[in-house]
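Engineer: Let me begin by handing over the structure; questions about it come next.
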Amino acid sequence: MDIEQFELELLNLINSFLKSVGGKGPKQTEVRLMGDTIVYILRGILTKREKTLMVNTEGRKMVLDARRSFMELVKERRNTEFEQFLGCKIVESYESWSLDDDSAVAVLLLDRAIFKKI
């Protein structure tokens, strides 16, 4: 499989996983492979309910706390599904959200590079 096909299949896996665990997938997803690191960027992540809650500081905190808790709850399942697809282990993973931009980014550090440099 070439790198473009791999990125497309990984993008589909990410969107499918997020929709299956959260009921809604992002409106747009970008995937970047860099040796033993995968970065994916999600845009259009907030639900109508979350947008409504974010009208004040307390609501923004609730949305962020809920997203952090939710990601922690599904982290093991996500890592298992992603590792099966990738064929390697996820050593570390990080997620961050920009509520104002309705976006998120995740970084996965793998135990090896997926594609060798040419």
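Using my numbering, you'd call the opening residue of the sequence shown number 1276 and step up by one each time.
Ideal Cβ placement from N, Cα and C applies to all residues, glycine included.
#1: Per DSSP, what kind of secondary structure is I1389 in: helix, strand or coil?
#2: Which partner residues of S1378 appear in the DSSP bridge assignment?
#3: Taking the C-alpha atoms as reference points, what is the distance between T1332 and L1374?
#4: What are the partner residues of M1309, as DSSP defines its beta bridges?
#5: Which class does V1330 belong to by DSSP, given the choice of helix, strand or coil?
#6: So, L1286 versus V1306, is the Cβ gap smaller than 7 Å?
Structural biologist: This is what the structure holds:
#1: coil
#2: R1318, S1373
#3: 12 Å
#4: T1312
#5: coil
#6: yes
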